[in-house]
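*Asks:*
2 protein chains.
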Amino acid sequence: TQKQIAIYGKGGIGKSSTASNVAAALGEAGKKVMLIGCDPKSDSSITLLGGRRIPTIMDVVRRLGNPDGVREDEIVFEGFRGVKCAEVGGPEPGVGCAGRGIIIAIQLLQKVSPSIREADVLMFDVPGDIVCGGFAVPITKKMVRETYIITSGEYMPVYAANNICRGLNTLKTPLGGIICNEREAANEREIVGRFAEALGVPLLACIPRSPIVQQCEREGKSVLEAAPSSDIADVYRQLAAKVLTEKDNKVPEALDDGYLRDLTRQ
Amino acid sequence: TQKQIAIYGKGGIGKSSTASNVAAALGEAGKKVMLIGCDPKSDSSITLLGGRRIPTIMDVVRRLGNPDGVREDEIVFEGFRGVKCAEVGGPEPGVGCAGRGIIIAIQLLQKVSPSIREADVLMFDVPGDIVCGGFAVPITKKMVRETYIITSGEYMPVYAANNICRGLNTLKTPLGGIICNEREAANEREIVGRFAEALGVPLLACIPRSPIVQQCEREGKSVLEAAPSSDIADVYRQLAAKVLTEKDNKVPEALDDGYLRDLTRQ
Ligand SMILES: Nc1ncnc2c1ncn2[C@@H]1O[C@H](COP(=O)(O)OP(=O)(O)O)[C@@H](O)[C@H]1O
Ligand SMILES: Nc1ncnc2c1ncn2[C@@H]1O[C@H](COP(=O)(O)OP(=O)(O)O)[C@@H](O)[C@H]1O
Ligand code: SF4
Ligand SMILES: [Mg+2]
Ligand SMILES: [Mg+2]
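Chains as they are written, first to last, in our numbering: chain W, 1 to 266; chain C, 1 to 266.
1. Let me check understanding here. Comparing Cα to Cα, which of W/Met58, W/Lys250, W/Gly153, W/Arg53 lies closest to cysteine 165 of chain W?
2. Taking Cβ-Cβ distances below 7 Å as the criterion, which residues of the stretch 76-91 of chain W are in contact with chain C?
3. Hey, out of C/Glu28, C/Gln215, C/Ile103, whose CA is closest to phenylalanine 135 of chain C's CA?
4. Once you ignore the five residues that flank cysteine 180 of chain W on each side, which residues in its own chain have a CB closer than 6 Å to its CB?
5. Ignoring anything shorter than 4 residues or poking outside the stretch 8-63 of chain W, list the alpha helix (DSSP H) runs there in chain order.
6. Who are the near neighbours of glycine 90 of chain C in its chain, counting only those whose CB is closer than 6 Å to its CB and skipping five residues on each side?
7. Please report the straight-line C-alpha distance between glycine 290 of chain W and aspartate 120 of chain C, rounded to a whole angstrom.
8. Output the distance between the C-alpha atoms of leucine 239 of chain C and isoleucine 116 of chain C, rounded to the nearest integer angstrom.
9. Using a Cβ cut-off of 8 Å (strictly closer), state whether asparagine 163 of chain W contacts chain C.
10. Name the one or two DSSP bridge partners that asparagine 163 of chain W has.
11. I need the DSSP call for threonine 147 of chain C, collapsed to helix, strand or coil.
12. Among the residues of its own chain, which have a CB less than 6 Å from the CB of serine 42 of chain W, if the five just before and after it don't count?
13. From the DSSP output, which residues share a beta bridge with asparagine 181 of chain C?
14. DSSP puts glutamate 78 of chain W in a beta bridge; with which residues?
15. I'd like to know whether the C-beta atoms of serine 17 of chain C and valine 213 of chain C end up nearer to each other than 8 Å.
16. Could you tell me whether the stretch 2-21 of chain C touches the stretch 158-178 of chain C, where touching means 3 or more Cβ pairs closer than 8 Å?
17. Report yes if the C-beta of glutamine 214 of chain C is less than 7 Å from at least one heavy atom of ligand 7; otherwise report no.
18. Would you check whether ligand 2 has a heavy atom nearer than 7 Å to the C-beta of isoleucine 13 of chain C?
19. Given that glycine 258 of chain C touches chain W, what residues does it touch there, using C-beta distances under 7 Å?
20. Cα-Cα, which of W/Leu224, W/Ala196, W/Phe124, W/Pro228 is closest to tyrosine 259 of chain W?
21. Do you know how far the Cα of alanine 198 of chain W is from the Cα of leucine 255 of chain W?
22. So what does DSSP say about phenylalanine 124 of chain W, is it helix, strand or coil?
23. Kindly indicate which three-state DSSP category glycine 176 of chain C falls into: helix, strand or coil?
24. Isoleucine 5 of chain C and valine 144 of chain C - do their beta-carbons sit closer together than 8 Å?
25. Under 6 Å, CB to any heavy atom of ligand 3. Which residues pass, going along the chain?
26. Looking at serine 44 of chain C and ligand 5, is the gap between the Cβ and the nearest heavy atom below 7 Å?
27. Report all residues from its chain with a CB closer than 7 Å to the CB of arginine 209 of chain W; omit the five preceding and five following residues, and keep chain order.
28. Applying a beta-carbon distance threshold of less than 7 Å, which residues of chain C neighbour proline 93 of chain W?
29. Is it right to say leucine 64 of chain W is buried, meaning 16 or more other beta carbons lie within 10 angstroms of its own, or is it exposed?
30. Report the residues of the stretch 8-33 of chain W with a CB closer than 9 Å to any CB of chain C, ordered along the chain.
31. Please go through the same chain and pick out, in chain order, the residues whose beta-carbon is closer than 8 Å to the beta-carbon of valine 61 of chain W, but skip the five residues on each side of it.
32. Any beta carbon of chain C sitting closer than 8 Å to that of methionine 156 of chain W?
33. Run through DSSP, which three-state label would lysine 242 of chain W get?
34. If the cut is a Cβ gap below 9 Å, which residues of chain W does alanine 136 of chain C touch?
35. So, with DSSP's three-state summary, where would you put alanine 6 of chain C?
36. Would you say proline 252 of chain W reaches chain C, if we count a Cβ-Cβ gap shorter than 8 Å as a contact?
Written out as structure tokens, the structure is:
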């Protein structure tokens, strides 16, 4: 069966860099992958497409006036190692709802793109700053079976991660694990390890903060493409392998805010 | 006439610390101030209330089952220098809409709290990570006449600030100015100064990154209360005075993303 996952986390924590590098690693391992960016920044797939920003689904729909008549090749683009990329695009600033956009995008992809059904792995890259019904749409539309949350050892990203767990609990959706994207805060691995343990889910990876990631990003390439023999490329490969393995379907219970403050104040 | 303002910015950039310290400074200057926190974190007023977290309006409404019968003293609390504090509370994680909550809260406050009309200054503290119709509610419900955006010199907060300008442009709402809350990034004051200049609005303050702010926060007090003779208390006083002055009503035009990348890559 198709692996349907979503990657959530606070803005700027490293969702897109992690999702695109994991997608590239899965592609390298021979899997058919589709990556759907749901962040209004629409930058989930840039490093899979040689630095190119693709038209967002909402831009194409707004230009045509309605979703009918949109062709697959106008909204789905093939990137590194055959990864299929699509960007939802953001709400009309100040007036729209991010959730409405994601609903329209999913319905359109289901109509025009065989990849959304045929991919071995379907990945959604979703912001977790605000845990509202809008950003839960990939889950409520039954396109996601398990989620992964990216955090660092600092209070704000951990707070956001915990709030995402509250949403997952309301929606009875499993959390496959926590991914630490390091910011070089003190005791970071220990803090995030204890956070994952308290939630009862595995800490799947600690991705070091590395200039290689930013350098590859500047070249418009994933680490898997631009630095395939680097240590950090292997970190993403190992994470990709862990994402593929079956896990207990643990629906998280959010932790107490006081605990998070103490944990990150170390 | 009542000064009706909103403070927007990316999560974690310093909206609440700035809003509560400016509110305290306005209170010290004899103004009647009401501060309404619209961030799901509901931590806008903690340092005005001696470190106490007050019940959110959404919690009170959910507990009673409907907004009728809620009394003012259940949702509005008086803090340092008489500042009236209210916290909207977040959406039901994963299902609700932050905008719905803000609408319910504003309607309820207008019914039960004379302060919302009688305050000299009405301030909304609103997250700007996602610029959707939900977080524009204080503006669309005509409770805000001018806005202020907080940023640092780093790309992500500047990107969020620019996206907020896109929303303000759609809503034809003036931007009173940019506030730089320093993160000690290289050339920060210059970068944020040029950003404000490119938008055609003043850079109202550069708030230094100071351990005093965090120290006071840990004591559950504003800088105005716990460190009134510090330099940084004066920075907030000067900012409060600038907020009170009349400005040109400039509706911002968002800048090009490429310009933002170049600007912050200095
Ligand atoms: N492991 C890492 N090492 C160094 N820089 C990183 C790492 N992960 C992410 N970054 C950088 O952090 C920034 C934000 O990451 P991004 O993936 O865009 O976050 P998000 O998608 O969560 O908003 C990017 O510029 C990226 O290059
Ligand atoms: N000028 C400053 N100097 C030092 N720390 C600051 C400053 N401004 C904010 N902070 C700290 O940054 C953190 C985030 O600030 P906060 O006001 O809660 O952000 P927001 O409301 O935008 O999410 C807080 O812990 C606060 O103490
Ligand atoms: S559901 Fe979420 S994205 Fe949609 S308008 Fe409400 S807060 Fe904004
Ligand atoms: Mg991203
Ligand atoms: Mg805040």
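No residue lacks a Cβ here, since even glycine has one placed at the ideal position from N, Cα and C.
*Replies:* Here's the rundown:
1. W/Lys250
2. Pro91
3. C/Ile103
4. Val192, Cys206
5. 15-28
6. Pro40
7. The structure shown does not extend to residue 290 of chain W, since chain W is modelled only from 1 through 266, so no value can be given for it.
8. 22 Å
9. yes
10. Paired residue(s): none; asparagine 163 of chain W is not in a bridge.
11. strand
12. Thr56, Glu87, Gly89
13. C/Ile207
14. W/Lys84
15. yes
16. yes
17. Inclusion of ligand 7 in the displayed structure is not the case, the ligand content consisting of ligand 1, ligand 2, ligand 3, ligand 4 and ligand 5 alone.
18. yes
19. Near glycine 258 of chain C there are no residues of chain W at all, since even the closest Cβ is about 10 Å away, more than 7 Å.
20. W/Ala196
21. 8 Å
22. strand
23. strand
24. yes
25. W/Cys97, W/Ala98, W/Gly99, W/Ile130, W/Cys132, W/Gly133, W/Gly134, C/Cys97, C/Ala98, C/Gly99, C/Ile130, C/Cys132, C/Gly133, C/Gly134
26. yes
27. Glu182, Arg183, Glu184
28. Val131, Asn163, Arg166, Gly167, Thr170
29. exposed
30. Lys10, Gly11, Gly12
31. Pro67, Val70, Ile104, Leu108
32. yes
33. helix
34. Pro93, Gly94, Val95
35. strand
36. no
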